[in-house]
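Chemist: Take a look at the following structure, please.
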Amino acid sequence: MATPYTQVLPLPRHQHFPKPNPISKTVINDRYFENHPLVLLIDICQSIKQLKQIHAYMLRIGLFSDPFSASKLIEASSLSHFSSLDYAHKVFDEIPQPNLFSWNALIRAYSSSQDPIQSILMFVNMLCEGREFPSKFTYPFVFKASAKMKALRFGRGLHGMVVKGRDVGLDIFVLNSLIHFYADCGCLDAAYLVFENMQTRDVVSWNTMILGFAEGGYADEALKMFHRMGEENVRPNDVTMMAVLSACGKKLDLEFGRWVHAFIKRNGIRESLILYNAILDMYMKCGSIEDAERLFHKMGEKDIVSWTTMLVGYARAGNFNAARSILNTMPSQDIAAWNALISAYEQSGKPKEALSVFNELQLIKKAEPDEVTLVCALSACAQLGAIDLGGWIHVYIKKQGIKLNCHLTTALIDMYSKCGDVEKALEMFDSVNIRDVFVWSAMVAGLAMHGRGKEAISLFLKMQEHKVKPNSVTLINVLCACSHSGLVEEGRAIFNQMEDIYGIVPGVKHYACLVDILGRAGELEEAEKLINNMPITPGPSVWGALLGACRLHGNLELAEQACNRLVELEPENHGAYVLLSNIYAKSGKWDEVSMLRKRMRECGLKKEPGCSSIEVHSIVHEFLVGDNSHPQSQKIYAKLDEIAARLKHVGYVSNKSQILQLVEEEDMQEQALNLHSEKLAMAFGLISVAPSQPIRIVKNLRVCADCHAVAKLLSKLYNREIILRDRYRFHHFKEGNCSCKDYW
DNA sequence: ATAGGGTTAG
1086 MATPYTQVLP
1096 LPRHQHFPKP
1106 NPISKTVIND
1116 RYFENHPLVL
1126 LIDICQSIKQ
1136 LKQIHAYMLR
1146 IGLFSDPFSA
1156 SKLIEASSLS
1166 HFSSLDYAHK
1176 VFDEIPQPNL
1186 FSWNALIRAY
1196 SSSQDPIQSI
1206 LMFVNMLCEG
1216 REFPSKFTYP
1226 FVFKASAKMK
1236 ALRFGRGLHG
1246 MVVKGRDVGL
1256 DIFVLNSLIH
1266 FYADCGCLDA
1276 AYLVFENMQT
1286 RDVVSWNTMI
1296 LGFAEGGYAD
1306 EALKMFHRMG
1316 EENVRPNDVT
1326 MMAVLSACGK
1336 KLDLEFGRWV
1346 HAFIKRNGIR
1356 ESLILYNAIL
1366 DMYMKCGSIE
1376 DAERLFHKMG
1386 EKDIVSWTTM
1396 LVGYARAGNF
1406 NAARSILNTM
1416 PSQDIAAWNA
1426 LISAYEQSGK
1436 PKEALSVFNE
1446 LQLIKKAEPD
1456 EVTLVCALSA
1466 CAQLGAIDLG
1476 GWIHVYIKKQ
1486 GIKLNCHLTT
1496 ALIDMYSKCG
1506 DVEKALEMFD
1516 SVNIRDVFVW
1526 SAMVAGLAMH
1536 GRGKEAISLF
1546 LKMQEHKVKP
1556 NSVTLINVLC
1566 ACSHSGLVEE
1576 GRAIFNQMED
1586 IYGIVPGVKH
1596 YACLVDILGR
1606 AGELEEAEKL
1616 INNMPITPGP
1626 SVWGALLGAC
1636 RLHGNLELAE
1646 QACNRLVELE
1656 PENHGAYVLL
1666 SNIYAKSGKW
1676 DEVSMLRKRM
1686 RECGLKKEPG
1696 CSSIEVHSIV
1706 HEFLVGDNSH
1716 PQSQKIYAKL
1726 DEIAARLKHV
1736 GYVSNKSQIL
1746 QLVEEEDMQE
1756 QALNLHSEKL
1766 AMAFGLISVA
1776 PSQPIRIVKN
1786 LRVCADCHAV
1796 AKLLSKLYNR
1806 EIILRDRYRF
1816 HHFKEGNCSC
1826 KDYW
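Heads up, the first sequence is in the numbering used here, so the first residue is 1086 and it goes up one at a time.
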């Protein structure tokens, strides 16, 4: 049989090697076979197929048992341009006594792979076997893997080993990667300590430290480091400048950004395309589209990132036409560009536009949707309450065999929760085994918005059993759960434990939640006291919560106070006026209502029109108050008449205190109330949704008490489940009751 | 043999 590899690769000429002896101890860790023709072949090998042929031949002649030769094979299979980590690992497992080089090669390959934990596992295995010890070529990659994993405790342990291991503790590569690791874990003080204690620092040390500060949200520190670098006569390079630009973008300091741009030109910094893209990005972040455009037109070479950076800049500034025309003119539209447009629409509260771009992408098939696309599309569905489309995307993910990452899992849980199917959200949550803090937080939020406060709290506790540390958002969600379920004691207790147990200083949002919890429970005095004694300035959310509580408990004086503070902070906040006028209307103070209306008109404010939407057969239908623009309008109004008759029959009298507009005539009032957007949507739902399916409605404002009462009755009279999402939470109407137990 | 870099996501 012909030797297979000779058909592909020429065999080198020197042939004077003794046959490798697998048992001989003398060859272990020796470079004895360095110039063996097969080993030399590895260096010129170009594909995994060729490598496998060499591997086979090495096994045949026994060369594979030589650790040095085997390590060359590992290097090629794990680190070359044609590398295959799975294959490399399999080869590795066959090596009788892998040398340090082999261990390092695999640890390195895994550290920059999708699966950095493998790098750490390899490292631990190496320690356990105890034959080889980590070197200065090992640590940089284990630190890199630990940084990716945010494995702070593990990395700290490594740091200890480095310090004990003397010579590695002085290696500049090891220390630079250590700085990077601490910075990535958010421990900038530890990173800085390492930096300060270094005997010698190079430009990479400075760059790593500056970027660490910039990314960690300490832009000022980053810029200070840059200045100090100049004072210590360390020449910055292009990487330094990118770190500095990142800091400018965070600080939104256009003047300094322009200075940096000039500095780059003045100091002969290597002008790479990457660097220019970073300058573009900085100008866009600092809000100077003009500077960005000027540079963009001057740039000789542009790549897809340059175009996408412009696209994102326009879209974030709300100039969607310009963003769209970038997408149309850029030479190749990769998925990142589409994602940028979809995400910009979604983030600016334009979910319908986001979904229409998503739809277009699928029709023209210029690029394949990826995880980012799907996360954005799911968020748009969540905003709209479009459960059909959201469910379709879920099926698509399964069909395409897309692996769920935490971003996707979170988006799915959020989508199902916000579309009213908290059971599906829970199913999703239970079906995954990798859950980061975002996944847990989303599930806590889902339970919270459905008024399942006790379950939210127990999930919050379970999360800690799973050793996932709650963050500031998790705490907002769990406090919110307490407020929606009237869990006053629990809420108070969690709030008081925040700093000591969770290490999170309460922010404005946390205070707002507690005010809400206390206020709803009628503890207005305590809520007021809390606000007066807050160590931070109460923001709009805090006054809003107080105002909401006043509405529930009819405290006019406090309401006026809260409303005034709210309007001081947010002159354009019509919600505040509406709430106050709500309170006036409830106590029949129509003069005050009209005065407030006048004030709003003078400020040019309009009440945000109530709008309800309902998805039927994947199409989202929207209704405004008294809307008759729907194609099936006649049928809807006929249904409304029928509903009114049936309600009257069971003795229902409408609750007129809910009328926000000052309407003089009695029957006009009743009409306005009967034509609230959620009632139109409910009527349409009764006509169009199959009886076995719940009627799901999304309202942009809070549901009014009359509509709430009507929904309860309808659920009983028509034996239908109605799931209504308002601005605040969910209401599940079933058999004449609501899941909120009339507490909202 | 090694460390640091630009666009899109919850």
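Even glycine gets a Cβ: it sits at the ideal position worked out from N, Cα and C.
Between which two residues does the beta strand (DSSP E) containing residue 1784 stretch?
Modeler: Where residue 1784 is concerned, the enclosing beta strand (DSSP E) stretches over 1780-1784.
Chemist: Residue 1156 lies in the beta strand (DSSP E); which residues open and close that run?
Modeler: Counting along the chain, residue 1156 falls outside any beta strand (DSSP E), though it belongs to the alpha helix (DSSP H) covering 1152-1164.
Chemist: Thinking just about the alpha-carbon of each residue, which of 1433, 1455, 1343 is nearest to the one in residue 1422?
Modeler: Selected option, being the one with the closest Cα: 1455.
Chemist: I need the straight-line Cα distance from residue 1457 to residue 1424, nearest angstrom please.
Modeler: Using only the alpha carbons, I get a separation of about 7 Å.
Chemist: Helix, strand or coil: how does DSSP classify residue 1337 here?
Modeler: Of the three classes helix, strand and coil, the one that applies to residue 1337 here is coil, per DSSP.
Chemist: Less than 9 Å between the beta carbons of residue 1342 and residue 1373, yes or no?
Modeler: The answer is yes: Cβ separation under 9 Å.
Chemist: Using DSSP with H/G/I as helix, E/B as strand and the rest coil, what is residue 1264?
Modeler: Reduced to three states, the DSSP call for residue 1264 is helix.
Chemist: Going along the chain, which residues of its own chain have a beta-carbon closer than 8 Å to the beta-carbon of residue 1613, five neighbours each way excluded?
Modeler: Result list for residue 1613: 1631, 1643, in chain order.
Chemist: For residue 1773, which beta-bridge partners are listed by DSSP?
Modeler: Answer is none; residue 1773 lacks a bridge partner.
Chemist: First and last residue of the beta strand (DSSP E) that includes residue 1789?
Modeler: Segment: none, residue 1789 is in no beta strand (DSSP E) and carries neither H nor E.
Chemist: The beta strand (DSSP E) that contains residue 1357, what's its start and end?
Modeler: That residue, residue 1357, is in no beta strand (DSSP E); it is neither H nor E in DSSP.
Chemist: Tell me the rounded alpha-carbon separation between residue 1363 and residue 1641.
Modeler: Approximately 54 Å between the Cα atoms of the pair.
Chemist: For residue 1671, tell me which candidate among 1635, 1646, 1380, 1657 has the shortest Cα-Cα distance.
Modeler: Among 1635, 1646, 1380, 1657, the Cα nearest to that of residue 1671 belongs to 1635.
Chemist: For a test of the three-state rule: what should DSSP assign to residue 1466, helix, strand or coil?
Modeler: If DSSP states are grouped into helix, strand and coil, residue 1466 belongs with the helices.
Chemist: Note down, in chain order, each residue of its chain lying with its Cβ closer than 7 Å to the Cβ of residue 1283, except the 5 sequence neighbours on either side.
Modeler: Answer for residue 1283: 1260, 1290, listed in chain order.
Chemist: Residue 1128 to residue 1196, Cα distance in whole Å?
Modeler: Residue 1128 and residue 1196: Cα-Cα distance of roughly 23 Å.
Chemist: Given residue 1165, which residues of its chain have a CB within under 6 Å of its CB, disregarding the five upstream and five downstream residues?
Modeler: Contacts found: none.
Chemist: Among 1621, 1660, 1605, 1144, which one has its Cα closest to the Cα of residue 1691?
Modeler: Among 1621, 1660, 1605, 1144, the Cα nearest to that of residue 1691 is on 1660.
Chemist: What's the C-alpha gap between residue 1502 and residue 1314?
Modeler: Roughly 50 Å separates the two Cα atoms.
Chemist: For the alpha helix (DSSP H) containing residue 1577, name the first residue and the last one.
Modeler: 1573-1587 is the span of the alpha helix (DSSP H), which, as asked, contains residue 1577.
Chemist: Give me the residue from 1452, 1234, 1565, 1402 with the minimum Cα distance to residue 1604.
Modeler: The residue with the shortest Cα to Cα distance from residue 1604 is 1565.
Chemist: My guess is that residue 1170 and residue 1198 are in contact by the Cβ rule of under 8 Å, so how many angstroms apart are they, rounded?
Modeler: Indeed, because the Cβ distance is near 6 Å, the residues count as touching under 8 Å.
Chemist: Any idea if residue 1151 is buried or exposed, counting beta-carbon neighbours within 10 angstroms, 16 or more meaning buried?
Modeler: When all chains shown are included, residue 1151 counts as buried.
Chemist: What would DSSP say about residue 1520, mapped onto helix, strand or coil?
Modeler: Coil, per DSSP.
Chemist: From the DSSP output, in three-state form, read off residue 1702 for me.
Modeler: Looking at residue 1702 - three-state DSSP - the assignment turns out to be coil, as it is neither helix nor strand.
Chemist: Determine the direct distance from the alpha carbon of residue 1827 to that of residue 1378, and round the result to whole angstroms.
Modeler: Their backbone Cα atoms lie some 55 Å apart in a straight line.
Chemist: Rounded to whole angstroms, what's the CA-CA distance from residue 1303 to residue 1464? Just pull it up for me.
Modeler: When rounded, the distance between both Cα atoms is 30 Å.
Chemist: Kindly provide the ranges of any alpha helix (DSSP H) runs that are 4 or more residues long and lie completely inside the segment 1659-1723, ordered along the chain.
Modeler: Segments of the alpha helix (DSSP H) lying fully in the segment 1659-1723: 1659-1671, 1675-1687.
Chemist: Does DSSP classify residue 1404 as helix, strand or coil?
Modeler: Note: residue 1404 maps to coil in three-state DSSP.
Chemist: Given this structure, state the Cα-to-Cα distance separating residue 1821 from residue 1787, to the nearest angstrom.
Modeler: Approximately 20 Å between the Cα atoms of the pair.
Chemist: Could you name the residues of the same chain whose beta carbon sits closer than 6 Å to that of residue 1525, not counting the 5 residues immediately before and after it, in chain order?
Modeler: Excluding positions up to five away in sequence, the list reads 1548, 1553.
Chemist: Is the beta carbon of residue 1083 sitting closer than 9 Å to the one on residue 1461?
Modeler: Because the chain here runs from 1086 to 1829, residue 1083 falls outside it and cannot be looked at.
Chemist: To the nearest angstrom, how far is the alpha carbon of residue 1573 from that of residue 1737?
Modeler: Near 33 Å, if we compare the C-alpha coordinates of residue 1737 and residue 1573.
Chemist: Evaluate the contact criterion for the segment 1719-1732 versus the segment 1786-1804: three or more CB pairs, one atom per stretch, below 8 Å.
Modeler: With the cut-off at 8 Å, the segment 1719-1732 and the segment 1786-1804 touch.
Chemist: Drop a sphere of 10 angstroms on the beta-carbon of residue 1651, count the other beta-carbons inside from all chains shown, and report buried for 16 or more, exposed for fewer.
Modeler: Buried.
Chemist: Let me confirm a value: residue 1675 is counted as buried when at least 16 other C-beta atoms fall within 10 Å, else exposed. Which label applies?
Modeler: Exposed, since its Cβ has fewer than 16 Cβ neighbours within 10 Å.
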